[in-house]
Amino acid sequence: MILLHLNVQMNKMTNAITLKATIRTEIGKKADKLRKQDLIPAVMYGNKIAAENISVNYNEFKKVYSKAGESALVQLEVEGKKLNVLIHDIQLAPMSGKVTHIDFFQVNMKEEVETEIPLEFVGEAPAVKALGGVLIKNMDEISVKCLPSDLPEKYEIDISVLATFDDVISVKDLKISDKVEILLDGETVIALVSAPRTEESLSELDTKVEEDVSKVAGVVKEEAAPVEKK
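Residue 34 in my numbering sits at position 19 of the sequence shown, and the numbers go up by one each step.
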């Protein structure tokens, strides 16, 4: 395999993403009343910080989540206070897919956090366009550890360096800030292009499947053989 060193753009949040929240007293089944008012029940907690029940506007949260995801800092405004949080977890209604609950994690700006940063694949792989290969993405996010203020919004990965079926993009190829630690082995492959199957290989696969089916059929027939009467 050929390991490629490429320029990966790290996008860092420059403008604060803000979201207003209100302290709530409704808990348990009473929280359903909030949902009927287009509010989402949520909880905010953190290291050495007592959990607090809050609620946020449904439509405002959707806008914030589309920008921040679960990797960018959000400035939560609660009763005049501005708190730095990460969206830690969201719960969805099984049928409608609507957000029914949110966990916010309040961060200490002086303490490192571990989170997942999304990967955005850009460009076009020559091994796909010219050679008919199939792009294989082994991950769409990567685990990092750093101070909250150093969290990147995303990593852009240019797949135009994948010119042959021997080329791979690995974790160690990423150009990252020295303030960010990647929590994966450097040899972990992020993306590659797989060669297309030939007619010969497809024929061999069909033959193997037929053989496997025949073996199974033989077992079934053997098990189904009538028992001789004594």
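Every residue, glycine too, gets a C-beta built ideally from N, C-alpha and C. In this text, all values refer to a predicted model and were calculated from it rather than measured experimentally.
{"Asked": "Excluding the 5 residues preceding and the 5 following K282 in the sequence, name in chain order all residues of the same chain whose CB lies nearer than 7 Å to its CB.", "Found": "What is shown of the chain runs 16 to 245, which leaves residue 282 out entirely."}
{"Asked": "Helix, strand or coil for K144 per DSSP?", "Found": "helix"}
{"Asked": "In the DSSP assignment, what are the bridge partners of K63?", "Found": "Answer by DSSP bridge pairing: none, since K63 is not bridged."}
{"Asked": "Between the alpha carbons of A145 and L177, how many angstroms are there, rounded?", "Found": "11 Å"}
{"Asked": "Evaluate E168 with the Cβ neighbour count: other Cβ atoms within 10 Å of its Cβ, from every protein chain shown; 16 or more gives buried, anything less gives exposed.", "Found": "buried"}
{"Asked": "May I have the straight-line CA-CA distance separating V159 from S185, to the nearest angstrom?", "Found": "15 Å"}
{"Asked": "Mapping the DSSP letters down to three states, classify F76 as helix, strand or coil.", "Found": "helix"}
{"Asked": "Residues in the same chain with beta-carbon distance under 8 Å from K7, minus the five sequence neighbours each way, listed in chain order, please.", "Found": "With the chain running from 16 to 245 in the structure shown, residue 7 is simply not present."}
{"Asked": "In angstroms, rounded to a whole number, what distance separates the CA positions of E126 and L162?", "Found": "6 Å"}
{"Asked": "Put S86 into one of helix, strand or coil per three-state DSSP.", "Found": "coil"}
{"Asked": "CA-CA distance, I106 and H116?", "Found": "Residue 106 is actually Gln in this sequence, not Ile. C-alpha separation (whole angstroms): 5 Å."}
{"Asked": "Would you list the one or two residues that DSSP bridges to T130?", "Found": "V159"}
{"Asked": "Per the DSSP calculation, H116 is bridged to which residue(s)?", "Found": "Q106"}
{"Asked": "So what does DSSP say about V186, is it helix, strand or coil?", "Found": "helix"}
{"Asked": "Over the uninterrupted beta strand (DSSP E) stretch that includes L177, give me the two end residues.", "Found": "Here L177 belongs to no beta strand (DSSP E), and DSSP marks it neither H nor E."}
{"Asked": "Please report the Cβ distance between I32 and V79, rounded to the nearest whole angstrom; I am assuming they are in contact, meaning their Cβ atoms lie under 8 Å.", "Found": "6 Å"}
{"Asked": "Apart from the five residues just before and just after G148, which ones in its own chain have a Cβ nearer than 7 Å to its Cβ?", "Found": "A142, F180, V208, S209, A210 and P211"}
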